Amino acid sequence: MSLLEPIYPKVLSVRRIPNADPALLRAYGADPERHCALGLVTCDQDDPTYVALDEATKHADVEVVYAKSFYAGSAHASGPLSGEILGVIASSDADEIVEGLKAIVRCLEHDACFYAASDDGKIAVFPHVIASLGHYLSKEAGLQVGDSMAYLVAPPMEHTIALDAALKAADVEAKLILGPPSPTNFGAAYLSGSLDACQAAAMAYAEAVVEVGLQPKRV
Amino acid sequence: MSSLSTTRALVAELRHKLGASAPMAAPERPVTIQPPPARIFPRPQQPPTRFAQAASAHTTALVGIGAVGTRYATDVVLQFQAELAVAHGAVATVLPPEWAEQNGLLPLSSRVTSHREFLLRPDLGRRLDDASSQLLRSRAATDVDVQPILADGLSAVACMGAGPELLRALVAECEGLGLRVGTPVCARFARVWLQDEIGQTTRAKVAVILLGERPGLGTGDGLSAYVVYEPAVGKTDGDRNMISNIHARGMLPADAGRRLARLAQGMIRQGVSGVNLDLSAIPGLDGAGGTALRAPQVRQRLVETP
Chain A
1 MSLLEPIYPK VLSVRRIPNA DPALLRAYGA DPERHCALGL VTCDQDDPTY
51 VALDEATKHA DVEVVYAKSF YAGSAHASGP LSGEILGVIA SSDADEIVEG
101 LKAIVRCLEH DACFYAASDD GKIAVFPHVI ASLGHYLSKE AGLQVGDSMA
151 YLVAPPMEHT IALDAALKAA DVEAKLILGP PSPTNFGAAY LSGSLDACQA
201 AAMAYAEAVV EVGLQPKRV
Chain B
1 MSSLSTTRAL VAELRHKLGA SAPMAAPERP VTIQPPPARI FPRPQQPPTR
51 FAQAASAHTT ALVGIGAVGT RYATDVVLQF QAELAVAHGA VATVLPPEWA
101 EQNGLLPLSS RVTSHREFLL RPDLGRRLDD ASSQLLRSRA ATDVDVQPIL
151 ADGLSAVACM GAGPELLRAL VAECEGLGLR VGTPVCARFA RVWLQDEIGQ
201 TTRAKVAVIL LGERPGLGTG DGLSAYVVYE PAVGKTDGDR NMISNIHARG
251 MLPADAGRRL ARLAQGMIRQ GVSGVNLDLS AIPGLDGAGG TALRAPQVRQ
301 RLVETP
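First to last, the sequence lines map onto chains A and B. According to the numbering used here, the first sequence is numbered sequentially starting from 1. According to the numbering used here, the second sequence is numbered sequentially starting from 1.
Right, dumping it as structure tokens:
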């Protein structure tokens with residue numbers, strides 16, 4: 001593993017319930033009046049999956065009703081199919097679910113992934129830029145559909161130093177700073193601004209994470 | 001390097017800046033998601049039962065059409081809708097007023113004045129209006145053996161389609177049997193019983209009316225022929241003999257013309273028509289009045305399905 005090599009997410013399971021029980025729909029945050037079908041996905045990387053779920057809302061008439069990271073991440077998963085996140089999309093049409101799931105898998109394969117921020121690959125960074133938000137993350141971040149956003153994730157120390165660097169690198173606004181520990185013991189932040197600003201901030205973030213990894217004890 | 005991701009392109013750039021030169025590793029093969037089951041259910045592959053096969057071989061009725069789940073198969077529904085449209089279209093067609101003269105027929109009309117009234121008032125369709133009555137008296141030959149009448153009935157499509165051919169066949173066959181045929185007339189907005197008044201006016205021994213029959217599924221072009229001896233207003237359906245389903249997929253006009261001529265000849269010989277007519281004594285009716293099964297009709301496909 002070399003520096004900033006992509007760490008590709010593994011889709012561990014993808015399933016569909018064409019006509020889910022109303023009790024299940026309610027339990028997972030769906031509305032039985034509006035939804036009947038569910039699509040479920042588990043993956044060994046949670047943050048790329050949040051991005052992929054958002055991507056699905058752009059490609060199909062689906063709503064992200066449930067998306068939660070599992071405690072301590074995929075290294076401590078409850079089973080081989082658990083990974084570190086379960087994402088659930090809901091729709092009134094089972095075919096829309098299929099299209100949504102396709103978009104999720106496509107995004108996880110081609111777009112969203114962690115990168116190795118150290119040569120040995122033990123530090124992971126997620127400096128992801130979303131050019132145009134979908135219905136899910138726009139709501140989570142308090143932004144409009146179509147806005148640009150930088151979705152930044154790194155381990156606690158790296159995250160803190162790098163977030164400061166990112167905020168100073170470009171004209172961006174912090175919409176959410178999720179201090180460590182997240183359920184997976186990372187730190188995360190949503191930054192909004194123009195697409196250029198988001199890209200500059202994300203790259204400054206990634207560069208700073210690498211720098212902290214190289215010199216963890218420089219005071 | 002995938003060009004689908006801005007973030008990946010940016011990271012690759014940053015990576016180059018930080019000194020790494022090798023290209024990024026390609027992603028692994030993605031998960032393939034199976035497409036959803038097709039919404040069009042295939043026709044069940046098992047053949048219909050022999051009872052359904054035997055029944056459907058003798059009729060164009062909707063028997064032995066199978067089912068997909070609890071419903072008809074799509075092609076059956078489409079065929080039904082297409083056939084219904086043919087029937088609706090035939091009923092809605094109006095015979096143009098000038099059509100009779102264009103085809104060399106004496107143009108008559110019933111007391112009906114509009115197509116809607118024609119559908120709602122059968123009684124008016126059974127009597128000639130005054131002008132037509134006058135025209136018939138002045139122009140038509142009288143004291144004839146057979147008075148041929150072509151009429152629109154409930155399907156002007158059929159009248160304009162096979163009507164002239166059937167009329168020609170009837171006239172030719174009657175003349176071949178030595179019967180004296182009257183002036184061919186064409187009646188507009190006509191019901192069957194109009195033949196009574198027309199035949200009475202021309203003092204014909206037998207009146208034959210050829211008219212478009214009530215359209216059924218897929219048969220908007222069917223003609224019926226009604227034959228009555230000594231036509232007079234007041235005759236009932238018990239006094240008439242008829243042939244139905246005269247169209248390309250049923251009885252052919254040439255065949256029908258031959259039978260009608262024999263029927264008219266038989267009526268004149270026996271001096272009676274309707275239920276009292278002895279069909280078995282008339283040669284050349286090919287078992288009419290008997291109990292033999294007629295040749296099955298072939299259903300016309302209106303909808304192409306794979």
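Ideal Cβ placement from N, Cα and C applies to all residues, glycine included. On a predicted model such as this, the values are computed, not experimentally measured, just so you know.
Close CB contacts of leucine 167(A) within its chain, under the 8 Å cut and outside five residues either way in sequence, are with Ala174, Leu191 and Ala201 (chain order). For proline 156(A), the CB contacts under 6 Å within the same chain, skipping 5 residues up- and downstream, are Pro180 and Gly187 in chain order. Using a Cβ-Cβ cut-off of 9 Å, proline 23(B) is close to nothing in chain A; its nearest Cβ partner there is about 10 Å away. For threonine 7(B), the residues of chain A that pass the 8 Å Cβ criterion are Asp111, Ala112, Pro127, His128, Val129 and Ala202, in the order they occur in the chain. Taking CB atoms only, glutamine 199(A) has a neighbour in chain B less than 9 Å away.
For the pair aspartate 21(A) and alanine 154(A), the Cα-to-Cα distance works out to about 38 Å. Per the DSSP secondary-structure output, tyrosine 226(B) pairs in a beta bridge with Ile209(B) and Met242(B). Interface residue (Cβ-Cβ distance to chain A less than 9 Å): valine 86(B) is not classified as such. Where isoleucine 97(A) is concerned, the enclosing alpha helix (DSSP H) starts and stops at 94-110. C-alpha of valine 31(B) to C-alpha of threonine 60(B): approximately 52 Å in a straight line. Residues of chain A with a Cβ closer than 8 Å to the Cβ of glutamate 165(B) do not exist, since the nearest Cβ in that chain sits about 54 Å away. Residue environment for valine 219(A): exposed (fewer than 16 other C-beta atoms within 10 angstroms of its C-beta).
If the five residues before and after threonine 93(B) are omitted, its C-beta is found closer than 6 Å to the C-beta atoms of Ala156 and Val157, all from its own chain and listed in chain order. The shortest C-alpha to C-alpha distance from asparagine 241(B) to any of Val275(B), Gly250(B) and Arg116(B) is the one to Val275(B). Pairwise C-beta distances place the stretch 95-104 of chain B in contact with the stretch 184-201 of chain B, as three or more of them are shorter than 8 Å.
Proximity of glycine 19(B) to chain A, defined by a Cβ-Cβ separation below 9 Å, is satisfied.
According to the DSSP secondary-structure assignment, leucine 178(A) is paired through a beta bridge with Ala188(A). As computed with DSSP, leucine 128(B) is found in a beta bridge with Ser110(B). By the Cβ neighbour-count rule, glutamate 98(B) is exposed, with fewer than 16 other Cβ atoms within 10 Å of its own. In this chain, the beta strand (DSSP E) harbouring threonine 42(A) covers 37-43. For the options Ala141(A), Gln144(A), Glu84(A) and Val129(A), the alpha carbon positioned closest to that of serine 13(A) is the one of Glu84(A).
Here DSSP, grouped into helix, strand and coil, assigns glutamine 144(A) to coil. Neighbours of tyrosine 115(A) across chain B, judged by C-beta separation under 7 Å: Val11. Between the alpha carbons of isoleucine 177(A) and alanine 150(A) lies a gap of roughly 12 Å.
Excluding five sequence positions before and after valine 86(B), the CB atoms of its chain that fall closer than 6 Å to its own CB belong to Gly218 and Gly220, given in chain order. Within the same chain, Gln147, Ala207 and Pro231 come within 6 Å of glycine 199(B) by CB-CB distance, once the 5 residues on both sides are set aside. Here lysine 235(B) is buried, its C-beta having at least 16 other C-beta atoms within 10 Å.
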